[in-house]
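At position 169 of the sequence shown the residue is numbered 169 (UniProt numbering), and the sequence of numbers has no breaks.
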Amino acid sequence: MSAPLLSIEGLTVALPGGGERAHAVRDVSLTLARGEVLCIVGESGSGKSITASAVMNLLPSDQLRITSGRVRYEGEDLLTLSERRMRRLRGDRISMIFQEPMTSLNPVATIGVQIEQVLEAHGVPARERAGRVQELVRAVGLPDPESIVKRYPFRLSGGQRQRVMIAMALAMEPDILIADEPTTALDVTTQAQILGLIRDLQRDRGMGVLFITHDFGVVADIADRVAVMQNGEVVETGPIERVLGAPEHPYTKKLIGAVPRFRETQADESRDAPILSVRGLTKIYRSGGLVRGVREVRAVDGVSFDIRRGETLGLVGESGSGKSTIGQCLLRIASVDAGEVRFDGQDIAHATGRALFDYRTRAQMVFQDPFASLNPRHTIGRSILAGPLAHKVPRPEAERRMARLLERVGLDAGAATRYPHEFSGGQRQRIGIARALAVEPDLLVADEAVSALDVSVQAQVLELLREIRDEFDLAMLFITHDLRVASNICDRVVVLHRGKIVEQGPVTEVFSRPAHAYTQELLGAVPGRSWHGDPQQGATPTHPIPVQQGATT
1 MSAPLLSIEG LTVALPGGGE RAHAVRDVSL TLARGEVLCI VGESGSGKSI TASAVMNLLP
61 SDQLRITSGR VRYEGEDLLT LSERRMRRLR GDRISMIFQE PMTSLNPVAT IGVQIEQVLE
121 AHGVPARERA GRVQELVRAV GLPDPESIVK RYPFRLSGGQ RQRVMIAMAL AMEPDILIAD
181 EPTTALDVTT QAQILGLIRD LQRDRGMGVL FITHDFGVVA DIADRVAVMQ NGEVVETGPI
241 ERVLGAPEHP YTKKLIGAVP RFRETQADES RDAPILSVRG LTKIYRSGGL VRGVREVRAV
301 DGVSFDIRRG ETLGLVGESG SGKSTIGQCL LRIASVDAGE VRFDGQDIAH ATGRALFDYR
361 TRAQMVFQDP FASLNPRHTI GRSILAGPLA HKVPRPEAER RMARLLERVG LDAGAATRYP
421 HEFSGGQRQR IGIARALAVE PDLLVADEAV SALDVSVQAQ VLELLREIRD EFDLAMLFIT
481 HDLRVASNIC DRVVVLHRGK IVEQGPVTEV FSRPAHAYTQ ELLGAVPGRS WHGDPQQGAT
541 PTHPIPVQQG ATT
């Protein structure tokens, strides 16, 4: 066999003292061959990104220290190279795509300028750069290359920004591409496009790809080999077919078992009268002015649905389909331009003053990013108590509620005195749920509440939401772009496309017999949909139900 393109040998990275463990990464050994996709999979804190950053020599030296190991590329140990030599290799022979392109791109430079800067840094003559930028933009499938290179990052969608990052990473035709969770926050169709693009470019150029993810569906779609990491150590490696079909390590089995499945049986529908009734809901955003004229965008266009007590209604669709805007309108975070929203028979669309204040006692939201929605200067206890106290609940009763809810979401009473940064992402999401329940609402809106969580933490939060819905007899609106998650928790589902409902009904019926072409497209883009695990090995992966295509409406 030929020598590997990249070889990681006994890599150990020490953490600062006083933490839960001594090492971020311990004795990690991996190889990557030319033309191969190696997926590193594991939960947050498993050491995936630390391993990738060590290969790029990008670890913060004041916090993380490499104590042993080698990282070999073409006979050179990357860990021993000077910074000047590493700068020549980074972006030239070894490139990296980061998880969040918006924080990686310069907000005040056009994307054309930023791609050209990569070429300039690696010595490409000025006369060749403009043409090369156009070639790269076309290669990653960005529309209208002549126009799009003049745009700033904020004018691009999430998927387009990720394509820009890929173009920058491929600018010098590297031998190795490191992709660190490049599709985590993308909707299923955009994710499928990005995965296909990376795979096609890898095959065309013979690159080795080190792909980091926590999504086994993505692993099933793109990997040749898999390395599973837990607590900084590699616990299992092997070909994709063997690891997914017959996992050996208990941790691998646990991760695969936590992957949400498409449900095959439908729960009994609630016979209660709707607690929330939406008719013709419309939200219009306006931009422009006297010079260019006013431009209108119908973010939500004539949407109608009902939610009953004890029921979870899912809103699914791509980014920009209007899902989150509907949630904001229902909570009156955004105003309603037209239509009717009735909660328990009362008009909410036009409620003001005391009526709106009272409604918000009965309707609460769990946000996508709990860290951004929690005040970093307030203790968890203060954040949870704020709602009940604002609604005139006596402090002793509010504190009893807080203690009961913290226990209910799996946190101890001591959590009340700590700050948001002291908790993991999953714990912060549990805190967000406790805060929403502290006013004892009747309606809970969960906006992408599990989209950024590891698969095992995601499974725990979904189970918690199910239990709380049943325990408190809540009506729940669950907003997500992940169809597997929607199938797992929702009773009925509404499919949105460009602000309009294209299909709705019981979740098993819509996902097994989609009538609209857009729903069929969404289901076809679900990563790993054709993957079947081996229950004999303790794995319970997704069990895709066959899609029976109906007439396009």
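Each residue gets a CB set at the ideal place from its N, CA and C atoms; glycine is no exception.
None of these values were measured; they are calculated from a predicted model.
Excluding sequence positions up to five away, which residues of its chain have a Cβ less than 7 Å from the Cβ of residue i?
| i | result |
| --- | --- |
| I212 | I40, K48, S49, A52, A179, D180, E181 |
| G206 | R34, G35 |
| E20 | none |
| R418 | T379, I380 |
Under a Cβ-count criterion, where at least 16 other Cβ atoms within 10 Å of its own Cβ denotes burial, should residue i be classed as buried or exposed?
| i | result |
| --- | --- |
| T480 | buried |
| N106 | exposed |
| E264 | exposed |
| Y518 | buried |
| N375 | exposed |
| A486 | buried |
| Y359 | buried |
| residue 563 | Because the chain in this structure spans residues 1 to 553, residue 563 falls outside the shown range and cannot be described. |
| P16 | exposed |
| K283 | buried |
| S335 | exposed |
| V108 | exposed |
| E76 | exposed |
| P370 | buried |
| I8 | buried |
Is the CB-CB distance between residue i and residue j below 8 Å?
| i | j | result |
| --- | --- | --- |
| I97 | M165 | yes |
| residue 630 | V300 | No statement about residue 630 is possible, as the shown extent of the chain runs from 1 to 553 and does not include it. |
| A33 | L78 | no |
| residue 556 | V228 | Absent from the structure is residue 556, since the part of the chain shown begins at 1 and ends at 553. |
| L313 | V450 | no |
| T252 | E241 | no |
| P145 | Q134 | yes |
| V28 | L483 | no |
| Y285 | V297 | yes |
| G112 | K150 | yes |
| I307 | A475 | yes |
| I275 | D344 | yes |
Go ahead and pull the three-state DSSP assignment for residue i.
| i | result |
| --- | --- |
| F367 | coil |
| H532 | Its pLDDT being 49, under 50, H532 is placed unreliably in this model, and the value from its coordinates should be taken loosely. Coil at H532, not helix or strand. |
| G238 | strand |
| G131 | helix |
| F357 | helix |
| S68 | strand |
| I489 | helix |
| K48 | helix |
| D470 | helix |
| S512 | helix |
| A126 | helix |
| M96 | strand |
| S53 | helix |
| I384 | helix |
| E23 | The identity of residue 23 in the sequence shown is His, whereas the question assumes Glu. If DSSP states are grouped into helix, strand and coil, H23 belongs with the strands. |
| D204 | helix |
| G302 | strand |
| F216 | helix |
To the nearest angstrom, how far is it from the Cα of residue i to the Cα of residue j?
| i | j | result |
| --- | --- | --- |
| D175 | H497 | 39 Å |
| R132 | F154 | 23 Å |
| L11 | S46 | 14 Å |
| A355 | D337 | 19 Å |
| P247 | G257 | 11 Å |
| A415 | M168 | 43 Å |
| residue 554 | N231 | An answer regarding residue 554 cannot be provided, because it is not within the stretch 1 to 553 covered by the chain. |
| G302 | D473 | 28 Å |
| H532 | G208 | Unreliable placement is indicated for H532, whose pLDDT of 49 sits below 50; the coordinate value is still reported in the next sentence. Rounded to whole angstroms, H532 to G208 spans 26 Å at the Cα level. |
| Q114 | S157 | 17 Å |
| T31 | Q202 | 17 Å |
| P143 | R127 | 24 Å |
| H249 | G42 | 13 Å |
| G320 | G499 | 8 Å |
| D200 | A24 | 33 Å |
| R332 | I326 | 9 Å |
| D272 | A139 | 54 Å |
| A390 | V409 | 22 Å |
Within its chain, find whatever has a CB closer than 6 Å to the CB of residue i; leave out the 5 residues flanking it on each side and keep chain order.
| i | result |
| --- | --- |
| V243 | V226 |
| R129 | E116, L119 |
| P441 | R362, A363, Q364 |
| G426 | L453, V457 |
| residue 559 | Any answer about residue 559 is impossible in this case: the structure gives the chain only from 1 up to 553. |
| I431 | I380 |
Skipping 5 residues on each side, what residues in its chain have a beta carbon closer than 8 Å to that of residue i?
| i | result |
| --- | --- |
| L523 | L483, F511, P514, R529, V547 |
| L89 | Y73, L78, L81 |
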